[in-house]
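According to this note's numbering, the stretch in the sequence shown is residues 740 to 1064, in order.
Below is one structure, written out as structure tokens, with a few remarks after it.
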Amino acid sequence: MDALSEILRVVQMSGAFFVNARFSAPWCYQSPKASLAAPWLDPTAEQVVIFHLITEGGCLVEMEGAPTMAVHEGDVVMFPGGSAHRMTSEPGMPPPRGAADLKKLFASRPRRLAYGGGGAPTRIVCGYLACDTRLARLLLDGLPPVVRISLRDSDAGAWLESSVRYALAEARTPRPGGASLLSRLAELLFIEVLRRYVHQHEGHAGWLAGLGDRVVGKALNALHQQPCREWTLADLARVAGTSRSVLAERFQQLVGTSPMQYLTQWRMLMAANLLRRSNAPLSRVAEEVGYQNDTSFIRAFRREYGQPPAAWRRNLADAGQAVHA
């Protein structure tokens, strides 16, 4: 399994849903910071990713500290950090009062948003995807605040766009499995954006940029394929087809850490996932992530998470019970 697939297996998304928005010029929609949506998505979520699929027309995307971006039919624009932003038919348009009432919007069935001045139409599918910040860090760190791709330039993208349209039509008359279908499509859109970013944004830093690098990408895939192996820098350099010094420098430059430090971080992320989703004893968890010695595993986990694994698991369970109380 390649590195991106392995991380996506561990970074399980939750609480995904769509809002079907229909605007007519002139119009403006103010999207608040995504963390405000977490209570209606997944109360335990630490991070919410926002994305918009333009299904008709086009608009401008405005965000503080970033240049205005024009988006068109077939484009997906994603906000990895869930930043507040505005979508508008023209610059300087104020949003109507109450348009960003998330509680009211998320409670509606089906979730629809419609307003404007009666001019040129724009239709947008607004998606929200909740995830665990620590698990998502590898994927999202290094990404710009806003990412745009077009679904119209590939067969896979065109299929995704048509699938979302179908799912929204299904949502108008709720049927068994509809929520699950929408959730899976949200995850597929998220994955497609990440895949495109890897291939279209050479020269950027971050985990995804490292994955797209011909040297670092080979090392990352090797570490993810065999995370329990006792890797050395020399072993990884041979796999990557380069020298130890070149690999170490390039890895640090793109990923922001050394190959061995990265391996430890990934092992701890795998361990956290096992602790969260299973009742396996610590000795089994340690073995599953490449540690034959429980003491070494506990020490490494404490360095990464600030507390031993047993306490971390217990606190996580207590937090979940509090949410559902």
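A virtual CB, placed ideally from N, CA and C, is assigned to each residue, including glycine.
Boundaries around Y1044 are those of the alpha helix (DSSP H), D1033 to Y1044, since no beta strand (DSSP E) includes it.
Burial of A961 is indicated by the presence of at least 16 other C-beta atoms within 10 angstroms of its C-beta. Contact check for L1008 and W946: beta-carbon distance about 12 Å, past the 8 Å limit, so the pair fails to qualify.
Secondary structure of T861 (DSSP, three-state): strand. Within the region 760-814, the runs of alpha helix (DSSP H) that reach at least 4 residues and sit entirely inside it are, in chain order, 777-780.
Across the set G796, G821, F818 and G857, the C-alpha of G796 shows the shortest separation from the C-alpha of H811.
In this structure V954 is in contact with T981, their Cβ atoms being roughly 5 Å apart against a cut-off of 8 Å. According to the DSSP secondary-structure assignment, I888 is paired through a beta bridge with V815. In the DSSP annotation of this structure, G956 is not part of any beta strand (DSSP E); the continuous alpha helix (DSSP H) holding it starts and ends at V955 to Q964. In terms of Cα proximity to E988, the closest of L882, A958, Q1004 and C967 is A958.
Note that the region 826-833 touches the region 854-870; at least 3 beta-carbon pairs, one per stretch, sit closer than 8 Å.
DSSP, reduced to helix, strand and coil, places V978 within a helical segment of the structure shown. Nearest in C-alpha terms to L890, of all of R1038, C767, G881 and E900, is E900.
Residue P819 holds the alpha-carbon nearest to the alpha-carbon of I930 among E785, T794 and P819. Beta-bridge annotation (DSSP): G855 is paired with S763. The three-state secondary structure of A897, taken from DSSP, is helix.
The beta-carbon distance between A976 and T1003, rounded to whole angstroms, is 18 Å. This is too long to meet the 8 Å contact definition. Beta-bridge partners of T1003 (DSSP): none assigned. Burial is judged here by how many other beta carbons sit within 10 angstroms of a residue's own beta carbon; W898 has fewer than 16 and is exposed. Residue burial annotation: V985 is exposed, with fewer than 16 other C-beta atoms found within 10 angstroms of its C-beta. Counting only the Cα atoms, P1048 lies some 12 Å from A1019. Annotated as proximal: G866 and F790, with beta-carbon spacing under 7 Å. DSSP places R989 in no beta strand (DSSP E) but in the uninterrupted alpha helix (DSSP H) bounded by R983 to V994.
Apart from sequence neighbours up to five positions away, the residues of its chain that approach R1041 with a beta-carbon distance below 6 Å are P1047, ordered along the chain. Shown here, A944 sits in coil according to DSSP, grouped into three states, outside any helix or strand.
By the CB criterion at 7 Å, P765 and M808 fall outside the cutoff. Under the DSSP assignment, R1023 falls in the alpha helix (DSSP H) whose first and last residues are L1021 to E1027. When the Cα atoms are used, P834 and A760 turn out to be separated by approximately 14 Å. A residue is called buried once 16 or more other Cβ atoms fall within 10 Å of its Cβ, and P998 is buried on that count. Residue state for L868 is assigned as strand, using DSSP reduced to three classes. Membership of R825 in the beta strand (DSSP E) is indicated by the continuous run H824 to T827. V815 is a Cβ neighbour of I888, given a cutoff of 7 Å. With contacts defined by Cβ atoms closer than 7 Å, M817 and V932 form a contacting pair.
Shortest Cα-Cα distance from A773 to any of E803, A869, Y854 and T794 involves A869.
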